[in-house]
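First residue of the sequence shown: 638, per the numbering used here; consecutive thereafter. One structure below.
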Amino acid sequence: MGDVTILKFGGTSVADAAAFTRVVTIVRRHGGPRPVVVVSALAGMTDALFAGAAAGAEGDVARAGRIVADQLDRHAGVGRSLLSGDAAVSFHDQLAQARQELAGLLDGLAGRVGDAAALRDEIVSYGERLSSSLLAGALAAAGVATRVVDARRCVITDETHGGATPLPADTECRMRAELVPLLEAALVPVLAGYIAATLSGRTTTLGRGGSDYTAALVGAALDAREIQIWTDVSGVLTADPRVVPSARPIPRLSYAEAAELAYFGAKVLHPKTIEPATARQIPVRICNSLAPDDPGTVVAADAAVWPGAVKAIAHKTGLTVLQIASTRMLGAYGFLRALFEVFDRHRTVVDVVTTSEVSVSLTLEDARALPAIVSELRALGEVSVEPHRAIVCVVGEGLRTTPGIAARIFTTIQDINVSLISQGASRVNLTFVVAEDRVYEAVRRLHEACFERERASTGGDAAIGRAAS
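Printed below as a string of structure tokens:
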């Protein structure tokens, strides 16, 4: 179905009634002949539901109830602005049912009745379930024939609550069975992002930011023409604009570049979004719902090398560096396997790894199991721990083959201590670790060196535009 366009709208794109109205216009203008809409919860809703769940788990059901009630009242206000007639009555009834069901789920958490993680997934799923109903109603009110589709009938996952993994064959089969008949009937399907279900029908979620992933799964299942991610910025930027105010949009990225940026801190795109798109070679366009005519960023299979090779600088804070040193590594097999089995047992993801003849250095973002991990690693060698570290990731096609890149980067930050460097694993990134309190300074300096001076020496943005086209 090559004429299908997937449009995913994030929480800031559906923050209030005015935002929903903008989304309706975008679907009509940019959705093409067969749009499929994926929507996140209203901005702030998921955080509030998590807070309500936490209060319920602590036994404070009254506070949990107030948190949830405030959000449902907010939805009621948006519904009154957008809907009328039977649609308004139907949404009012849905809200009343949600109030009743959420009260029971919060009581269950407080009373330790059932699996807490499963109850939490069920609670937070209401954000997307309500927003998809609101958006379908708003589209229908504007004359667009729509149908709400329960994403839990489409995205089928394992039973890992809070960050479930989709089962590809089951998901694609269910997705096509649910969506293709609607598209053939000229209806616009509206799905909740982020939420899914197990084969037995229990609600799961895909992890924070997972609505992007939902959109990519839909796009892959339908072999879509394009996947559009609508957010509050005009594409992927050359750096985090909160750190570098002069950061600007990147016209085009390769799948590999986008994947590195997403994983190492760029918030515009969920890291897993690229996988389904890459498998089917579907372009992903990141767009601004506040400025829908801006070109945004296109992520595709091919992307030219920019002048100077660097396209973006991402960073990630809150990391811990572990160093494991042991002479038993010399000429030994099985050592690295034993080391990484420790992290596997504690379900802890490792970000960056470097090795020498007698040592391994690596970074962790999730340090909840750190004491137990360190205790086990000491059986393998001497362990040192460096908290409060940050990763800086310099990304661009051609980094490995462009002479002088590393020299320019490290000369720019020569007075900032670098504790770990990695380039071998990817042709498109150079990654290193610095102290957390120096990372913003490092990113700002590198952006100036790689973009501001480069732009001046190559004739401005026009040269970059030619290289990226």
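C-beta atoms are modelled at their ideal positions from N, C-alpha and C, and glycine is treated no differently.
Check, Outcome
"C-alpha distance - Val579 paired with Glu912, whole-angstrom precision", "Any question about residue 579 goes unanswered here, given that the chain covers just 638 to 1106."
"Option in Asp1003, Val997, Gly1033 with minimal Cα separation from Gly1018", "Val997"
"Alpha-carbon spacing of Leu959 relative to His1025, whole angstroms", "12 Å"
"Range of the contiguous beta strand (DSSP E) that encloses His667", "That residue, His667, is in no beta strand (DSSP E); its alpha helix (DSSP H) goes 654-667."
"Stretch pair the region 977-986 + the region 925-933: three plus CB contacts closer than 8 Å", "no"
"Per DSSP, cross-strand counterpart(s) of Trp867", "Phe646, Cys924"
"Reference Arg1037; option with closest CA among Asn1066, Ser1021, Thr1048, Glu1023", "Asn1066"
"For Arg813, the nearest candidate out of His798, Val786, Gly830, Val726 (CA to CA)", "Val786"
"Three-state secondary structure assigned by DSSP to Cys1087", "helix"
"Cβ contact (3+ pairs, closer than 8 Å) linking the region 846-861 and the region 686-702", "no"
"Buried versus exposed call for Glu1089 [16 or more other C-beta atoms within 10 Å across all chains shown]", "exposed"
"Reduced DSSP category for Cys810 - H, G, I as helix; E, B as strand; rest coil", "helix"
"Boundaries (first-last residue) of the alpha helix (DSSP H) holding Val705", "698-719"
"Per-residue DSSP class, three states only, for Asp795", "coil"
"8 Å Cβ shell around Ala857 - same chain, five flanking residues per side excluded", "Glu809, Pro913, Ala914, Ala916, Arg917, Ile919"
"Endpoints, beta strand (DSSP E) assigned at Gly955", "949-962"
"Simplified DSSP state of Arg784, which is helix, strand or coil", "strand"
"Terminal residues of the beta strand (DSSP E) in which Phe1047 lies", "No beta strand (DSSP E) holds Phe1047; the alpha helix (DSSP H) holding it covers 1042-1049."
"Residues near Leu720 in its chain [Cβ-Cβ closer than 6 Å; skip 5 each side]", "Phe728, Gly774"
"Where Leu836 falls, given that 16 or more other Cβ within 10 Å makes a residue buried", "exposed"
"Asp730, DSSP secondary structure in three states", "helix"
"Environment of Phe646 [buried if 16+ CB atoms lie within 10 Å]", "buried"
"For Gln737 and Gly748, the rounded distance between their alpha carbons", "17 Å"
"Euclidean distance between Cα positions of Asp730 and Leu767", "11 Å"
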